[in-house]
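Those protein sequence lines, which keep their order, are chains X and L.
Our numbering puts the last residue of the first sequence at 509; the count rises by one with no breaks.
Our numbering puts the last residue of the second sequence at 131; the count rises by one with no breaks.
Here the structure is laid out as structure tokens; the discussion comes afterwards.
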Amino acid sequence: MGQARIAIVGAGPAGVRAAQALVERGVRPVVVDEGRRDGGQIYRRQPDGFTRPYAKLYGTEADKAQALHRSFDQLRDRIEWRAETLAWHLEPHALHVVRNGEAEVLPFDALIVCSGATDRLMPVPGWDLAGCYSLGAAQISLKSQACAIGRRVVFMGTGPLLYLVASQYVAAGAQVEAVLDTSASVLRLRALPRLAARPGALLNGLKLVASLRRAGVHVMTGVTPVEIGGSPRRGVTGVRVRDGRGREHAFECDAVALGYHLRSEAQLADIARCEFRFDAASRQWLPRIDQDGRSSVKGMYLAGDGVRLSGADGAEAAGRLAALTCLADLGIERSDRAEVVQLRAALDKMERFRQGLLQAFPWPHRAAAALPDSTVVCRCEVVTAGELRTAVSELGACEINRAKALCRVGMGRCQGRYCGHAAAEIVAHAAGIPLEQVGRIRGQGPVKPLSVSALAVGGAE
Amino acid sequence: MDSKNPPERRFVRLGETERRAIQVWIDGRPAHALEGDTLLVALLSSRGHLRHSEFSDGVRSGFCLMGACQDCWVRDEQGQRLRSCSTPARDGMRILTSAQEVEWARLA
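Written out as structure tokens, the structure reads:
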């Protein structure tokens, strides 16, 4: 065949390693990313004119970040690089993109989607107040802009990222009032056998917690969030939680970073009608892939946190494996058997560690069922838990897309990214059915809001 | 702590302050910012919020900072919608934080 047209969505760890594998074999892929620069969220590069060194920006991951950026810089002239470009829709062999208000259709023979993830959020009364940010946002403001999200910051939620970002804030000189983890510390002991799959990562995690305590940060585990306090005009002024014994604790602050692990950005896979499977351990729907990254749709490959939430190292391995698989399937080059075996083994190890993290820092799904009726579930359109429950109990909406149609939960600006998981939990509990029966909010094009004029211009060409 | 009035600024700069100073105009008033700031950071370094919610009486200040939530939309004086977390601030930029849909809802 002639030069194969392979498109990659995303220039984070998975996308860059996929592109590298293709370039090594003489293929020139088109690489699309919404960001201004490569690196994705985890290895996000600071803007021109910023001077902090790698060690300061990425801590223990500095070498990996630098290696990935160097690889990209070397690839730069051997790929077709489309920065600030949103892949907003997908048809068979045609990727619809828009950049700066101008739409374009990119034809492809094979597509490797490395679309990454966002924070996974559990609502709490007051999370719609100004000053409450996702945990990822707290990290981005520091890494990419050298800013703290407030003068006095509380970190709340669960997962290793909670401790990582809090310690980065402390190191940068920010005032961290508390780290409030919904997971009880005993769970970490039980998860140790699985976490030991990656001793280095485990050790780094333990060091982070120790450094926070040394810095005098109030670290609490096993908490139940009660409320983010404040006023509609001023925003956040404090946080209240209950400890394991039921005692209440209050912290004054003007900012909260809230996060419970990650959720995959899987809209393109959904639009392509890839099969999804329910991942019981994380209680979320993920696209189904085989061990080498093939989706259920021919010619479409998925890698990284957009399909399997195993972090940056796992994403690098998965991106490379998906690209090698893609090349073999297109008949361009047979994969090196030994390398494939090695990459699969690396991913197995990541998967074991992921299971350990889920055991140590579980998504507190029962909290969704316990939310007061007045709690805002959908931040975008201010839809409450009570309105959602009414859609279930009085209108019979036991499926999440039906509930969305009836009460607009998941219909707003973020298209259900930040309320969808909790909303499904609330529906499941109200209807008395297992979560997997509630389904998932369907991904639709456009993947993100865009102006009609962009499409009109594109259509006229 | 005054619990009613909005804070003077939301974000706190922790470094990288040697960059060239620029000026942006927010609802007709000048504000200091730095070259390399996103529009969101430029705005929240001078005030506590980005916009009013069109569904409640609250103000909003962005949420995800990675282009996923669309909470941080503002407009330029030509009415062009800008996602402030992914839009670089430029010297002389003129921004409106009261969105048309909110104004229309109030007129109705």
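Quick reminder that beta carbons are idealized off the backbone N, C-alpha and C, glycines included.
Owing to the predicted nature of the structure, the values given are computational and were not obtained by experimental measurement.
Candidates the options: closest to residue i by CA position
i	options	result
I45(L)	E39(L), L37(L), L57(L), R36(L)	L57(L)
S69(L)	H75(L), G51(L), R33(L), W96(L)	R33(L)
L237(X)	W136(X), G83(X), L406(X)	L406(X)
Y91(X)	A103(X), A471(X), G97(X)	A103(X)
L88(L)	T40(L), G102(L), L67(L)	L67(L)
V475(X)	G491(X), S441(X), A453(X), D125(X)	S441(X)
V75(X)	A439(X), A258(X), G379(X)	G379(X)
W175(X)	L419(X), V388(X), R73(X)	L419(X)
G464(X)	A445(X), A329(X), E435(X), C428(X)	C428(X)
G71(L)	R52(L), P30(L), D114(L), V47(L)	P30(L)
Y466(X)	R311(X), L235(X), Q94(X)	R311(X)
R246(X)	M398(X), Y181(X), R73(X)	M398(X)
E447(X)	R461(X), G434(X), G468(X)	G468(X)
F120(X)	G87(X), A165(X), W136(X), C455(X)	G87(X)
Y217(X)	A365(X), R295(X), Y106(X), I160(X)	Y106(X)
D99(L)	L37(L), M116(L), R43(L)	M116(L)
G283(X)	L105(L), V97(L), G90(L), D80(L)	D80(L)
G60(X)	R73(X), Q51(X), V71(X), R93(X)	R93(X)
Buried versus exposed call for residue i [16 or more other C-beta atoms within 10 Å across all chains shown]
i	result
M24(L)	With a pLDDT of 47 at M24(L), under the threshold of 50, the modelled position of this residue cannot be trusted, and the question is left open.
T110(L)	buried
R262(X)	exposed
K255(X)	exposed
G307(X)	buried
S192(X)	buried
L116(X)	buried
M49(X)	With a pLDDT of 47 at M49(X), under the threshold of 50, the modelled position of this residue cannot be trusted; read the value that follows with caution. With fewer than 16 Cβ atoms within 10 Å of its Cβ, M49(X) is classed as exposed.
S76(L)	buried
E323(X)	exposed
P534(X)	With chain X covering 49 to 509 only, the question about residue 534(X) has no answer from this structure.
K346(X)	exposed
L183(X)	buried
D361(X)	buried
E364(X)	buried
V35(L)	buried
T285(X)	buried
D60(L)	buried
E139(X)	exposed
Q89(X)	buried
Neighbourhood of residue i by C-beta distance below 7 Å, restricted to the same chain and skipping five residues each side
i	result
A214(X)	F203, V224, V227, L260, V265
R242(X)	R400, F401, Q403, G404, Q407
P155(X)	R53, H141, A142
A329(X)	Q403, L406
M459(X)	E429, K452
R27(X)	Any question about residue 27(X) goes unanswered here, given that chain X covers just 49 to 509.
L209(X)	L183, G307
Residues of its chain near residue i, where Cβ-Cβ distance is below 8 Å and the 5 sequence neighbours each way are ignored
i	result
S233(X)	T269, G270
C195(X)	S189
A508(X)	Confidence is the limiting factor: at A508(X) the pLDDT is only 40, short of 50, which leaves the residue's position unreliable and the question unanswerable from this model.
G85(L)	L63, L67, L73, C92, D94, C95, S107, C108
D50(L)	I118, L119, T120, S121
S501(X)	G149
Chain C residues whose Cβ lies nearer than 7 Å to that of residue i
i	result
T61(L)	Given the protein chain composition of this structure (X and L), no chain C is represented.
Residues of its chain near residue i, where Cβ-Cβ distance is below 6 Å and the 5 sequence neighbours each way are ignored
i	result
A415(X)	M170
V153(X)	A142, H144
A67(X)	I56, P77, V79, L123, I127
R511(X)	The first residue shown for chain X is 49 and the last is 509, placing residue 511(X) beyond what the model contains.
L372(X)	A69, S383
G506(X)	Note that G506(X) has pLDDT 49, beneath the 50 cutoff, so the model's placement of it is unreliable and the number below is only indicative. Only A151 meet the Cβ criterion.
A186(X)	I197, V213, A305
Y211(X)	L256, V257
### Query
When Cβ atoms are compared, which residues of the region 476-505 of chain X fall closer than 9 Å to chain L?
Those residues of the region 476-505 of chain X placed with their C-beta closer than 9 Å to a C-beta in chain L are K496, P497, S499, ordered along the chain.
#### Entry: Secondary structure, alpha helix (DSSP H): runs of 4+ residues fully inside the region 296-358 of chain X
315-319
### Runs of alpha helix (DSSP H) wholly within the region 100-168 of chain X (minimum 4 residues, chain order)
102-106, 110-123
### Task
Please name the residues in the region 430-447 of chain X whose beta-carbon is closer than 7 Å to at least one beta-carbon of chain L, in chain order.
V430
### Query
Can you list, in chain order, the residues of the region 204-222 of chain X whose Cβ is nearer than 7 Å to any Cβ on chain L?
If the cut-off is 7 Å between Cβ atoms, the region 204-222 of chain X has A220, G221, A222 near chain L.
### Query
Of the residues that make up the region 72-97 of chain L, which ones have a beta carbon closer than 9 Å to any beta carbon in chain X?
H72, L73, S76, E77, F78, S79, D80, G81, V82, R83, S84, G85, F86, C87, L88, M89, G90, A91, C92, Q93, D94, W96
### Residues, ordered as in the chain, of the region 77-88 of chain X that lie near chain L by beta-carbon distance below 9 Å
E82, G83, R84
### Query
Of all the residues that make up the region 461-474 of chain X, which are near chain L by a beta-carbon distance shorter than 7 Å?
Result list: R461, C462, R465, Y466.
### 4-residue-minimum alpha helix (DSSP H) runs that sit fully inside the region 350-400 of chain X, ordered along the chain
359-377
### Task
With a floor of 3 residues, list each beta strand (DSSP E) that falls wholly inside the region 405-476 of chain X, ordered by position along the chain.
424-426
### Message
Which complete alpha helix (DSSP H) runs does the region 24-71 of chain L hold, if anything under 4 residues is left out?
### Response
62-67
### Query
Relative to chain X, which residues along the region 37-58 of chain L have a C-beta separation below 9 Å, given in chain order?
L37, G38, E39, T40, E41, R42, R43, L57, E58
### Task
For the region 304-337 of chain X, enumerate the residues whose C-beta is nearer than 7 Å to any C-beta of chain L, in chain order.
Taking 7 Å as the Cβ-Cβ cut-off, the region 304-337 of chain X has no residue approaching chain L.
### Message
Going residue by residue through the region 168-248 of chain X, where are the continuous beta strand (DSSP E) segments of at least 3 residues, counting only ones entirely within it?
### Response
180-182, 200-206, 223-229, all fully within the region 168-248 of chain X.
#### Entry: Contact list for the region 106-122 of chain L against chain X, Cβ threshold 7 Å
none
### Task
With 7 Å as the limit, tell me which residues of the region 281-294 of chain X have their beta carbon closer than that to any beta carbon of chain L; keep them in chain order.
R281, R282, G283, T285
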